[in-house]
Structures are given as structure tokens and as C-alpha cells.
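The structure under discussion appears below in the form of C-alpha cells.
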Amino acid sequence: MNSVLKTVLDLTYPITSMFSGASFNNGVCDIFRDKQIEDLWIPFFIITTDITASAMRVHTDGCLWRYIRASMSLSGYLPPLCDPKDGHLLMDGGYINNLPADVARSMGAKIVIAIDVGSRDETDLTNYGDALSGWWLLWKRWNPLVEKVKVLNMAEIQTRLAYVCCVRQLEMVKNSDYCEYIRPPIDRYGTLDFGKFDEICEVGYQHGKTVFNVWCRSGVLEKMLKDRQEGCQSKPSCYVTCPTTSFTDLAEIVSRIEPVKAILVDDESDYQTEYEEEIFDSQKDDYVSFLTSETEIYTDPQDQEIRLRRPIRGDSEDSQLAA
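Structure (C-alpha cells):
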């Protein structure tokens, strides 16, 4: 009764949706609280439909309850959730990928067990011809003496249009070699039968037990575990391992590593670049030639000896660099 009252109080004027989403937010938040996706024990992702960018979003980090709420936002019932990261509007990921086994495969899963819990669409519809009158439908619905007709209403048509792109994706997943497809017998339940959660859960549990017993007897589970072990063994390691090594071998490996040449970008560095060294060498040669010319002009031996004893700046710096 309390949940029904909260649902009624959450009704709003239906411009964007019939419900404001506040009551639903509180229920989801009470379950997951402040947990983050990246803090979960096993790798986890959530699929949402980004109606701002018209793209599929795969969430592997961030607030858990917010993205779960976004992945449950059905058009017309709940408003889209604004992504706290970029402000994009997010809705149920089923509109773009209702069975994301391909996403799990791309994230490294060797074998994917895909469980399809989507409702089956009614295909036995009435052929009403080229035109359809709403008054004729109303008469068929209210008159108990006439034969009933099966015709989709506007909401059902919009819902089917929204999930059209998922049909091809579902067939690709079912026919793939990496996916084990399971479809529990839940065709009699609707998409919005949240009140029958315990009943649906029990149906899925019993069906899962039956499927796994068949897999055990047929060797499917054994093959899955074997493929998983082979995948773990063949997974490349980021460490270099040497089974029979010593400190001498380690020294030999280290000696093969070429030293990194540092590149200086500081204009006030005491070291010279290659271009500066060429300029300075040319200036040094000019200076030496200048001194040589001076020794030829002046004939005083004492002055010539003093000039020759004068230190050359380029030679002293070259000796410092060599040291």
C-alpha cells in the first residue's frame, strides 16, 4: 500500500513523462547508496542510450545508482537522467542494445552467457486493410457481441519502433560462437510487471537449474572452463621472467640498455647545444688565428709569451665537458 501511495504521489503533469522519477530514485538509491561502479568486486558495465548524442554509452565508472536508474528509464514513464559528467540525457540502454553480449566480449569475456528477459511482441494481429477507423475499433472494444480485433495502439507502435534496431543485434548475438543464449519461459509476463518480481525470479531460477544440468551432462560447462583456463594461460604478461637467472645475467641485461640522451630545453643551461658548439668552435678558430697574427706583428718576446699564456675560454670549457 505504501509503494502504491508513493507511486501515486510521484505522478506529474505528463509533458516529459507521467512520473517525476523522485520516488523511483529514492528506491534505487536506498539499495546501492554511494557505491561506485569501479569499486565493485567484479568488472561491471551499464548500457544506456544517449539521446543527446544519439549513441550508445557504456559506463564502467561513476555513481552506480544513477546509471542503473538511467538504464531503467522507459520513455513516457520516467524522465531521462542527466549525466553528471557531461549533462547528456540518458535513457534505457535497451533502445539501442537490448542484449549487450558483444560489449562483454569486447571487454575480454571468453564465453558470454546471454539471458534474454525481454518481452515477446504479439505477432498475431488483425489485418484491417488499407485504412483504420478509431470509431470502428471503439465499437469492437465496447460491443461484447462482436469479434475482438488485435490492433496496436499508439504507445505500442512507438515502443516497437524504439526496439527495432535491437532485433538484428539480438539475432547476431544468438548466432555467434562465443555466446550461450538462454531464454527463460517468461512470455506471459509484461515489461512493466514489476509486482510479479518474485514469481518471475523463481521461474528464471528453475529454468537456469535445468539448463545448467543439461550443460553439465553434455560437457558444455567443462568446455567453458577449459577455454577459460587456456585463455588465462595464453594471456600476455607485462613482466619479464627469466627462469634460470643470476645477478650476472641481470648485469648483462642492464648493460644492453642504451642510455637515454637527455634533451635540454632550458635557455640558461650551462651546457651547449650542437649548434652553439659549432658557432663557438668557429669563433675559437678566429680567435686563435687572431693571436697568431698578433705574434707575427709584435716582436717583443716578453709580450708574446704573455699572450700565449693567456687561457682560451673555449679550450677550458671543452676540458670541463670532457671531464
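The C-terminal residue of the sequence shown carries number 322 in numbering that gives the first Met the number 0, and the numbering is unbroken.
We put the CB at the ideal spot given by N, CA and C, even for glycine.
The structure presented is a predicted model; accordingly, all values stated were derived computationally and were not measured.
Mind the definition here: the stretch 77-85 touches the stretch 12-23 only if three or more C-beta pairs lie below 8 Å; say whether that holds.
yes
Between the stretch 151-170 and the stretch 81-98, can you find at least three pairs of beta-carbon atoms closer than 8 Å?
The stretch 81-98, when compared against the stretch 151-170, does touch it at the 8 Å Cβ threshold.
I want to know whether the stretch 194-202 touches the stretch 119-134 - three or more CB-CB distances under 8 Å.
no
Give me, in chain order, the residues of the same chain whose beta-carbon lies closer than 6 Å to that of cysteine 165; leave out the 5 immediate sequence neighbours on both sides.
Asn97
Hey, how far is the Cα of asparagine 125 from the Cα of leucine 73?
Here residue 125 turns out to be threonine, not asparagine, going by the sequence shown. Rounded to the nearest whole angstrom, the C-alpha separation of threonine 125 and leucine 73 is 27 Å.
Is the Cβ-Cβ distance between glycine 86 and isoleucine 46 less than 7 Å?
Contact: no.
Let me confirm a value: glutamate 293 is counted as buried when at least 16 other C-beta atoms fall within 10 Å, else exposed. Which label applies?
With a pLDDT of 46 at glutamate 293, under the threshold of 50, the modelled position of this residue cannot be trusted; read the value that follows with caution. Classification for glutamate 293: exposed.
Measure the alpha-carbon distance for phenylalanine 211 versus leucine 220 and round it to whole angstroms.
8 Å
Just checking, does the stretch 173-188 make contact with the stretch 99-116 on the three C-beta pairs under 8 Å criterion?
yes
Among Pro13, His58 and Leu63, nearest to aspartate 29 - alpha-carbon criterion
Leu63
What are the residues that DSSP puts in a beta bridge with histidine 58?
Ile45
Pull up the distance between the alpha-carbon of methionine 49 and that of arginine 159, whole angstroms please.
According to the sequence provided, residue 49 is aspartate. The question's methionine does not apply to it. Roughly 19 Å between the two C-alpha positions.
Does the Cβ-Cβ distance between lysine 34 and serine 22 come in under 7 Å?
no
Terminal residues of the continuous beta strand (DSSP E) containing tyrosine 336?
Past the boundaries of the shown model lies residue 336; the chain is included only from 0 to 322, so the question cannot be answered.
Cα-Cα, which of Val57, Ala130, Arg104 and Met71 is closest to valine 27?
Met71
Once you ignore the five residues that flank leucine 10 on each side, which residues in its own chain have a CB closer than 7 Å to its CB?
Met17 and Phe18
With distances taken Cα to Cα, identify the nearest neighbour of glutamate 146 among Ala54, Asn152 and Leu137.
Leu137
Using only alpha-carbon positions, find the residue among Pro83, Asn24, Cys178 and Asn25 that is nearest to alanine 103.
Cys178
Please classify arginine 32: is it buried, with 16 or more other beta-carbons within 10 angstroms of its beta-carbon, or exposed?
exposed
Relative to the C-alpha of leucine 191, which residue among Glu37, Met55, Gly107 and Glu155 is closest?
Glu155
Do threonine 51 and phenylalanine 8 count as a contact pair if the criterion is CB distance below 7 Å?
It is worth fixing the name first, because residue 8 is leucine in this sequence and not phenylalanine. No, they are not a contact pair.
For aspartate 197, I'd like the list of residues in its chain whose CB is within less than 6 Å of its CB, leaving aside the five on either flank, ordered along the chain.
none
When the Cα atoms are used, what is the spatial distance from tryptophan 141 to valine 150?
In a straight line, the C-alpha of tryptophan 141 is about 15 Å away from that of valine 150.
Just the Cα atoms here: how many angstroms apart are tryptophan 134 and aspartate 60?
52 Å
Just how far apart, CA to CA, sit glutamine 157 and leucine 224?
43 Å
Identify whether methionine 223 lies in helix, strand or coil by the three-state DSSP scheme.
helix
Which same chain residues, not among the five before or five after threonine 298, have their C-beta less than 7 Å away from its C-beta?
Because threonine 298 sits at a pLDDT of 48, beneath the cut-off of 50, its placement in the model cannot be relied upon, and the point is left open.
State yes or no: is the C-beta of asparagine 25 within less than 7 Å of the C-beta of arginine 68?
no
If you draw a straight line from the alpha carbon of asparagine 174 to that of leucine 144, how long is it in whole angstroms?
46 Å
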